[in-house]
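K.L.:
In full-length UniProt numbering, the protein residues as written are 1 to 437.
Here you go:
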């Protein structure tokens, strides 16, 4: 009877951890298939998964994004709001979860999202409001994003600071006539990109030039404006009386999945090598593909946020803490195995198996995000349509959207559906394959 009980312990651990890891594996598999299946079929498969509570936020983030891509903006907003609430509540993590993560593995901790994900959920919610025609709702979400980035930021790090979100905030403020706030956001986007030593996209350069000029009554001698003129080598390009602007966001690709890797670490107290399991991103092979836009001259989107890079930066920022916790667990399990071996050969064998089974890296992430976020900003006559070349569809002339001088559109590489602000019923998806370029 004692032997049966002893055998049952590692088997129970095996079953529980298999079920725990199964959801992560399923979601990772769906993420890998997303570029081929497209958002609609992937959403159908995802909704068949019943995640444990600790994986709920990851599940809702991915489901909310897929709903967004399929045009279910109300459903997307509901899922992303729930995910945002869960992530905020996890800032006060329960002692039982911390103990489980410290003694068994990190997957026993509820998923709270990386710094970038905590910010991006605001951006996706803001876009959902915007493409539903609710500019005020989008503005409120951007105010919340600013609070989140302020909480995450410090003077020595750009962790959790996203230029794409600052740019979106600037655009929303600009469309709302709040030029001072728009300038602050565009300026912060510029500062983040410069801190990362990345290229400033033309859309951001245009925004900095145009808004810095407009907010000073088009004073060409304004010091900040002249500084941007000098840096970008051109003047502002303000629309004329019969012109407006389209700002096009492009989500390209699907971000990489985390994997796990085993490292061998020497512990001086034990005088032994111990095995530590860590989350890991494989080397990225992603190369950004630009979206071509026909508006008189052919324009192309440019990268404003490389999500592949942000994901790896977030993981690297947490690596020391993750390594420390993994080492503590590995030492504890090593000592357990050694004591079990002293009690008998079978006990040592079973304890060793239980230790190997229970140690898993946390490979959860918001892994259906795009690999990159790109943007283009272009001036067009109010009566001229704009062609999205790869999708074989046209954005309507701005005068068809009412008395509007701004139009915003989102395109994804994953399907042929376009979202726009102001919402326009004529933007129907075009028949074709996902990833049509």
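Cβ coordinates follow ideal geometry from the N, Cα and C atoms, glycine included.
1) What is the C-beta distance between residue 255 and residue 108, in whole angstroms, given that I count them as a contact (C-beta under 8 Å)?
2) Would you call the segment 236-249 and the segment 394-414 in contact, with 3 or more CB pairs under 8 Å?
3) Which value, in whole angstroms, describes the spacing of the CA atoms of residue 389 and residue 180?
4) What number of angstroms, rounded off, separates the C-alpha of residue 224 from the C-alpha of residue 281?
5) Can you tell me where the beta strand (DSSP E) with residue 377 in it begins and where it stops?
6) Whole angstroms is fine: what's the gap from residue 392's alpha carbon to residue 325's?
7) Let me confirm a value: residue 85 is counted as buried when at least 16 other C-beta atoms fall within 10 Å, else exposed. Which label applies?
8) Do residue 133 and residue 57 have their beta-carbon atoms positioned less than 8 Å apart in this structure?
9) Just list the residues that DSSP pairs residue 299 with in beta bridges.
10) With a threshold of 8 Å between beta carbons, is residue 43 in contact with chain D?
11) Just the C-alpha distance for residue 286 and residue 307, rounded to the nearest angstrom, thanks.
12) Can you tell which of 374, 73, 167, 213 has the C-alpha that lies nearest to the C-alpha of residue 301?
13) Alpha carbon to alpha carbon, how far is residue 139 from residue 169?
14) Taking DSSP as the reference, what is the three-state secondary structure of residue 283?
15) Per DSSP, which one or two residues make a beta bridge with residue 87?
16) How far does the beta strand (DSSP E) with residue 387 in it reach, from first residue to last?
17) Under the three-state reduction of DSSP, which class applies to residue 251: helix, strand or coil?
18) Where does the unbroken beta strand (DSSP E) through residue 409 begin, and where does it stop?
19) Could you give the distance in angstroms between the alpha-carbon of residue 157 and the alpha-carbon of residue 116?
20) When we look at the beta-carbon of residue 411 and count the other beta-carbons within 10 Å, is it buried (16 or more) or exposed?
P.N.:
Inspection of the coordinates gives the following:
1) Not confirmed; about 24 Å, so no contact.
2) yes
3) 35 Å
4) 40 Å
5) 372-381
6) 52 Å
7) exposed
8) no
9) 293
10) Checking the listed chains, one finds no chain D in this structure; it contains a single protein chain.
11) 11 Å
12) 374
13) 7 Å
14) coil
15) Partner(s): none; residue 87 has no beta bridge.
16) 386-388
17) strand
18) 406-412
19) 13 Å
20) buried
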